[in-house]
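J.: The opening position of the sequence shown corresponds to residue 10 in this note's numbering, with each subsequent residue numbered one higher.
C-beta atoms are modelled at their ideal positions from N, C-alpha and C, and glycine is treated no differently.
Below: one structure in structure tokens.
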Amino acid sequence: MVQENHKLILVLNCGSSSLKGALLDSINGELILSCLAEKLTTPDAYITFNYYENPKVQPIGRRSWFVNKADGDKHRVELSGNTDHTGAVEALLEELKAHDLQGLVAAIGHRVVHGGEKYSASVVITDDVIATLEECIPLAPLHNPANLTGIRAAQAIFPGLPNVGVFDTAFHQTMPEHAYTYAVPRELYRKYGLRRYGFHGTSYRYVAQAAADLLGKDIQDTALVIAHLGNGASVAAVLGGESKDTSMGLTPLEGLVMGTRSGDLDPGAYGFIEEATGMSAKEVTDMLNKKSGLLGISELSNDMRTIQEAAEEGHEGAKLALEITAYRLAKYIASMAVATGRLDAVVFTGGIGENSSLIRAKTIGYLGILGLQLDEEANEAVRFGKAGAITRAGTAPAALVVPTNEERMIAFDTRSLTGLGENAA
């Protein structure tokens with residue numbers, strides 16, 4: 010059984026129509042249970058639970074820093090009654106009760122996308138924090154309302170437990186003014202907070218430390234360019250463990266080519282598209298967020314696996330999507346080296362970064378100017394939760410693959426802010 014002195018932390022990540030959850034040991038960060046609720050607010054809503062250890066019979070042992078999340082005991086529950094986020098959290102509570110785990114949950118950590126300039130670190134959630142998150146809704150209209158919904162659901166269903174907010178934007182509050190300022194009238198920043206904020210900060214914090222460990226260096230002595238590549242993708246310049254620049258800006262739309270997001274686009278294109286098509290500004294923004302990127306270029310899919318398979322079969326749109334993605338990524342990696350001033354390693358993480366040896370190879374192929382020398386055999390071998398170098402031994406800078414673990418980072422922040430584990434054996 011779970012050790013009695015090992016309290017559990019529940020991590021929640023709420024999207025507009027989904028909820029991701031994870032239950033972790035507060036002492037060693039081991040993952041016990043994950044869940045994913047999908048199609049929320051529709052009659053087809055359901056939640057899937059996946060156990061990585063059997064909490065009834067098997068103790069939670071220590072594994073390496075890099076956890077390979079192999080599927081365990083998985084089952085699905087239909088949300089036939091309450092189909093919103095609250096219903097999903099209620100179903101999660103019932104699942105915990107079925108395994109006698111609900112009494113061990115001691116705190117809840119929430120992924121929050123946007124904290125504006127207010128938060129440079131994670132915080133215990135209070136009424137004042139909730140009010141600030143509401144003020145940040147115009148900066149993240151697709152994300153913060155969902156995050157707030159999850160917070161309120163957790164407060165209602167787990168009354169009395171502390172809740173902690175962990176912000177995507179907090180890590181990037183160390184960016185210098187010249188990196189976050191747009192070249193627009195300064196009044197827009199003073200009045201409305203128009204500036205570059207950056208995202209994926211929780212992932213960058215975790216990966217920066219893990220990469221330093223892999224390099225055998227103190228994090229204070231590292232200069233890294235980290236590429237977090239998933240359906241949403243960004244790059245960050247991390248010097249001494251601090252963000253100095255990043256590719257996403259006011260919103261997650263800026264920067265790299267993503268699954269359905271365009272990334273960088275000439276601002277003049279907005280007016281051009283409106284005039285040429287008759288679309289409204291909102292419709293153009295929606296198209297750039299939901300119908301562009303890999304999907305828009307390939308006219309096939311936003312899924313990198315599908316794109317790669319189609320490219321191998323000769324699909325021209327898929328081949329072009331891969332090339333544009335790698336080329337744009339390489340340009341951003343090179344530019345981020347300006348912010349670090351030197352470079353110990355380029356680090357790939359996220360679902361695509363960890364598993365697509367093709368994207369890594371194509372990207373490094375464009376980066377000869379930085380001295381990167383790909384080890385093709387190592388590149389093919391480092392996938393599916395593995396970590397390691399994919400450049401030739403003895404060459405510098407290195408290119409590394411480091412699996413991210415945002416849930417573990419959120420759990421550790423929650424543990425620290427709530428005092429969990431201080432008296433554990």
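Would R392 and L383 be called neighbours here (beta carbons separated by less than 9 angstroms)?
T.: Within the sequence shown, numbered from 1, the residue matching residue 392 stands at position 383. Within the sequence shown, numbered from 1, the residue matching residue 383 stands at position 374. Not closer than 9 angstroms, so no.
J.: Below 6 angstroms CB to CB, which residues in the same chain sit around L33 once its five sequence neighbours on both sides are set aside?
T.: The residue labelled residue 33 in the question sits at position 24 within the sequence shown. Taken in chain order, the residues that qualify are I18, L40, A420.
J.: My understanding is that T358 touches V216, with C-beta atoms under 8 angstroms, so please give their C-beta distance in whole angstroms.
T.: Reading the sequence shown from its first residue, position 349 is the one you call residue 358. Reading the sequence shown from its first residue, position 207 is the one you call residue 216. T358 to V216, Cβ: 5 angstroms. Contact.
J.: Just how far apart, CA to CA, sit I306 and D353?
T.: The residue labelled residue 306 in the question sits at position 297 within the sequence shown. The residue labelled residue 353 in the question sits at position 344 within the sequence shown. Answer to the nearest angstrom: the Cα atoms are 33 angstroms apart.
J.: Look at the alpha carbon of S289 and the alpha carbon of Q317, and state the distance between them as a whole number of angstroms.
T.: Looking up residue 289 in the sequence shown gives position 280. Looking up residue 317 in the sequence shown gives position 308. Looking at the two C-alpha atoms, the distance is approximately 34 angstroms.
J.: When DSSP labels each residue in this structure, what does V347 get in the three-state scheme?
T.: Counted from its first residue, the sequence shown places residue 347 at position 338. Helix, per DSSP.
J.: Would I378 be called buried (16 or more neighbouring beta carbons within 10 Å of its own) or exposed?
T.: The sequence position of residue 378 within the sequence shown is 369, counting from 1. Counting Cβ neighbours within 10 Å, I378 comes out exposed, since fewer than 16 surround it.
J.: Looking at the structure shown, is N442 part of a helix, part of a strand, or coil, going by DSSP?
T.: This structure gives no information on residue 442, because the portion of the chain shown stretches from 10 to 434.
J.: Per DSSP, I235 is paired with what?
T.: Numbered from 1 along the sequence shown, position 226 holds the residue referred to as residue 235. Bridge partners of I235: A245, V356.
J.: Given this structure, state the Cα-to-Cα distance separating T349 from V122, to the nearest angstrom.
T.: As a working note, residue 349 is residue 340 in the sequence shown. As a working note, residue 122 is residue 113 in the sequence shown. Between T349 and V122, the C-alpha separation is close to 25 angstroms.
J.: For L49, count the other beta carbons within 10 Å of its own beta carbon; 16 or more makes it buried, fewer makes it exposed. Which is it?
T.: Against the sequence shown, residue 49 aligns to sequence position 40. So L49 counts as buried.
J.: If I measure Cβ to Cβ from K29 and keep anything under 6 angstroms in the same chain, skipping five residues before and after, which residues do I get?
T.: The residue labelled residue 29 in the question sits at position 20 within the sequence shown. If we look at K29 and ignore the five residues flanking it on each side, its Cβ neighbours are N22, L45.
J.: May I have the straight-line CA-CA distance separating S73 from K328, to the nearest angstrom?
T.: On the sequence shown, position 64 is the one that residue 73 refers to. On the sequence shown, position 319 is the one that residue 328 refers to. Per-residue confidence for S73 stands at a pLDDT of 30, beneath the threshold of 50, marking its modelled position as unreliable; no derived number is given.
J.: Pick from Y55, H15, G24, T57: whose alpha carbon is nearest that of G38?
T.: For the purposes of this step, residue 38 is taken as residue 29 along the sequence shown, with counting starting at 1. If we check each option's Cα against that of G38, H15 comes out closest.
J.: At which residues does the beta strand (DSSP E) containing S252 begin and terminate?
T.: Start at 1 with the first residue of the sequence shown, and residue 252 comes out as number 243. S252 -> beta strand (DSSP E) spans 251-255.
J.: Look up V293 in the DSSP assignment and say whether it is helix, strand or coil.
T.: Taking the first residue of the sequence shown as 1, we reach residue 293 at position 284. Correct three-state label for V293: helix.
J.: Which residue comes first and which comes last in the alpha helix (DSSP H) that contains V98?
T.: As a position in the sequence shown, residue 98 is number 89, starting the count at 1. From DSSP, the alpha helix (DSSP H) with V98 extends over 94-107.
J.: Below 8 angstroms, can you find three or more Cβ-Cβ pairs linking the stretch 210-227 to the stretch 266-275?
T.: Not touching, per the Cβ criterion.
J.: Among L142, Y128, A398, whose alpha-carbon lies nearest the alpha-carbon of F180?
T.: Counting from 1 along the sequence shown, the entry for residue 180 is found at position 171. Of L142, Y128, A398, the residue nearest in Cα terms is Y128.
J.: Do L88 and Y60 have their C-beta atoms closer together than 9 angstroms?
T.: Residue numbering aside, residue 88 sits at position 79 when the sequence shown is read from its first letter. Residue numbering aside, residue 60 sits at position 51 when the sequence shown is read from its first letter. Using a Cβ distance threshold of 9 angstroms, L88 and Y60 do not count as a contacting pair.
J.: For I378, which beta-bridge partners are listed by DSSP?
T.: By one-based count along the sequence shown, residue 378 stands at place 369. In DSSP, I378 forms no bridge with anything.
J.: Give me the Cα-Cα distance between A246 and E321, rounded to the nearest whole angstrom.
T.: For this step, residue 246 is matched to residue 237 along the sequence shown. For this step, residue 321 is matched to residue 312 along the sequence shown. Using only the alpha carbons, I get a separation of about 33 angstroms.
J.: Taking all protein chains shown into account, decide if E308 is buried (16 or more other Cβ within 10 angstroms of its Cβ) or exposed.
T.: By 1-based counting over the sequence shown, the position of residue 308 is 299. Around the beta-carbon of E308, fewer than 16 other beta-carbon atoms lie within 10 Å, marking it exposed.
J.: Along the chain, where does the beta strand (DSSP E) that runs through A320 open and close?
T.: If you number the sequence shown from 1, residue 320 lands on position 311. Counting along the chain, A320 falls outside any beta strand (DSSP E), though it belongs to the alpha helix (DSSP H) covering 313-321.
J.: Rounded to the nearest angstrom, what separates A192 and K371 at their Cα positions?
T.: The residue labelled residue 192 in the question sits at position 183 within the sequence shown. The residue labelled residue 371 in the question sits at position 362 within the sequence shown. Each residue's Cα considered, the two are about 32 angstroms apart.
J.: Using CA atoms only, rank isn't needed, just tell me which of I342, S301, M345, V356 is closest to L330.
T.: The count along the sequence shown starts at 1 and reaches residue 330 at position 321. According to the sequence provided, residue 330 is Ala. The question's Leu does not apply to it. Comparing Cα positions, the closest option is S301.
J.: In the structure shown, what three-state DSSP assignment does G302 receive?
T.: By 1-based counting over the sequence shown, the position of residue 302 is 293. Note: G302 maps to helix in three-state DSSP.
J.: Identify the residues that DSSP records as bridge partners of I117: which are they?
T.: Walking along the sequence shown from the start, residue 117 turns up at place 108. DSSP, once it has assigned bridges, lists L19, N172 as partnering I117.
J.: Using three-state DSSP, classify A420 as helix, strand or coil.
T.: Within the sequence shown, residue 420 is the residue found at index 411, counting from 1. A420: helix per DSSP, three-state reduction.
J.: I need the boundaries of the alpha helix (DSSP H) containing L274, first residue and last residue.
T.: On the sequence shown, position 265 is the one that residue 274 refers to. Run containing L274: none; DSSP gives neither H nor E here.
J.: Is DSSP giving L338 helix, strand or coil here?
T.: Position 329 of the sequence shown, counting from 1, holds the residue named residue 338. Helix, per DSSP.
J.: Would you kindly check if the distance between the Cβ of M345 and the Cβ of T211 is under 9 angstroms?
T.: Against the sequence shown, residue 211 aligns to sequence position 202. Against the sequence shown, residue 345 aligns to sequence position 336. No. Outside cutoff.
J.: Pull up the DSSP beta-bridge partners for V138, would you.
T.: One-based indexing of the sequence shown puts residue 138 at position 129. According to DSSP, which records beta bridges pairwise, V138 is partnered with nothing at all.
J.: So, helix, strand or coil for V410, using DSSP?
T.: In the sequence shown, counting from the first residue as 1, residue 410 sits at position 401. DSSP places V410 in strand when its eight states are reduced to three.
J.: Looking at the secondary structure, which residues open and close the alpha helix (DSSP H) in which Q182 lies?
T.: On the sequence shown, position 173 is the one that residue 182 refers to. Unbroken run through Q182: none, as it is neither H nor E.
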